[in-house]
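J.: Per the UniProt record's numbering, the very first residue in the sequence shown carries number 1; after that it's consecutive.
Ideal Cβ placement from N, Cα and C applies to all residues, glycine included.
Fair warning: this is a prediction, and the values are worked out from it, not measured in the lab.
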Amino acid sequence: MDSGKQVKELESLSLYDTIRLRWAERVTGISNVAQEASAVFAHEESASSKTKASSMGWALKATQKRPRLGEKVKAYLIEKFEAGERSGTKADPLSVSRDMKFKRGDKGELVFQPEEWKTAMTIKSFFSRYSAKLKQQHVERHGGFSA
């Protein structure tokens with residue numbers, strides 16, 4: 001029979017108990033320096049992941065600098081605008097944009113390269129600015145509107 005004093009001891013530790021004991025041994029000797037080092041490492045890791053993400057182009061809006069209108073393109077657009085002014089039917093920016101893509105020179109080659117093609121919106125903006133410029137010049141010459 002038992003003597004009244006029972007001691008419960010495990011014959012062997014479970015794997016979970018062993019892991020917990022080893023973890024406790026490692027954690028007790030850690031200072032704040034190690035925590036700061038891990039924080040610095042985490043910051044560096046996040047910075048490098050941002051760099052990787054930006055180099056891969058994830059969710060970044062591409063910022064492209066649009067080249068200015070070339071002299072050849074400007075001359076063509078002014079020609080179309082003035083032809084519309086003379087005839088009384090304004091040039092449609094969409095049709096001008098399409099015409100740019102298919103306009104051929106004397107030898108049959110394309111006059112405008114694909115990088116020189118302009119959208120209808122760009123052409124519309126150009127026509128608007130050019131019209132305002134002509135009106136301003138008219139006002140400066142004649143001292144007022146006579147439209």
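So, is MET121 buried or exposed, given that buried needs 16 or more other C-beta atoms within 10 angstroms?
T.: The residue labelled residue 121 in the question sits at position 121 within the sequence shown. By the neighbour-count rule (16 or more Cβ atoms within 10 Å), MET121 is not buried but exposed.
J.: Only counting the same chain, and skipping five residues up and downstream in sequence, which positions put a Cβ closer than 7 angstroms to that of LYS118?
T.: Residue numbering aside, residue 118 sits at position 118 when the sequence shown is read from its first letter. Hits under 7 angstroms: VAL73, SER97 and MET100.
J.: Which residues does DSSP pair with ARG104 in a beta bridge?
T.: The residue you call residue 104 lines up with position 104 of the sequence shown. Answer is LEU110.
J.: Does DSSP put TRP117 in a helix, in a strand, or in coil?
T.: The sequence position of residue 117 within the sequence shown is 117, counting from 1. If DSSP states are grouped into helix, strand and coil, TRP117 belongs with coil.
J.: Rank SER87, TYR130 and PHE81 by C-alpha distance to the C-alpha of LEU94 and give the top, closest one.
T.: Position 94 of the sequence shown, counting from 1, holds the residue named residue 94. With distances taken between Cα atoms, LEU94 lies closest to PHE81.
J.: How far does the alpha helix (DSSP H) with THR18 in it extend, from its first residue to its last?
T.: Walking along the sequence shown from the start, residue 18 turns up at place 18. 15-27 is the extent of the alpha helix (DSSP H) around THR18.
J.: DSSP on SER95, reduced to helix/strand/coil?
T.: In the sequence shown, the residue the question calls residue 95 occupies position 95. Three-state result, SER95: helix.
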